[in-house]
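To start, the structure under review is shown below, and the notes come after it.
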Amino acid sequence: MFKKNHVFASIALLALSTVALPNAASAEQWYFYVRNNSSAAIKQLLVSENGSSWGYFDIGSGVGVGAQAKMIWDSSTNNQGCSQLIKAVFSDGSESQPSRIDFCKNLDDPIVFQ
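All the letters of the sequence shown, read from the start, carry residue numbers 628 to 741 under our numbering.
The following block contains the structure:
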């Protein structure tokens, strides 16, 4: 079973329109997609295995309204569990409700924030 190392995950933001670089992602990298269907930009993504201690992803300048982005888990998270809570923090200061996601399944189905 796939595990991740630390709750404090670090990822790289890759917009779907970004051209793949040589030697970029190996087949072993864990990733997921985020789609922003809300009316405000996503400025942070927070994850937690237990719901009380939250780590954040570095998503650069954020995920714009109507945009979709690919998120890559940092290899330092490889020993964490697949099931994690995720929530978004928006540019207007609001937060989404946490959703429990199995990050080892359906990697190409985006997590949609409303």
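Glycine is no exception: its CB is placed at the ideal position from the N, C-alpha and C atoms.
* Asked: Is P725 near L734, with beta carbons less than 8 Å apart?
  -> Not a contact, by the Cβ cut-off of 8 Å.
* **Burial state of S680, where buried means 16 or more other Cβ atoms lie within 10 Å** => Exposed, since its Cβ has fewer than 16 Cβ neighbours within 10 Å.
* To do: Spell out the partners DSSP gives K714 in its beta bridges.
  => In DSSP, K714 forms a bridge with L673.
* S726 by DSSP, collapsed to three states: which one? -> In this structure, S726 counts as strand in the three-state DSSP scheme.
* Asked: Where do the ends of the beta strand (DSSP E) carrying W681 lie?
  -> For W681, there is no enclosing beta strand (DSSP E), as DSSP gives it neither H nor E.
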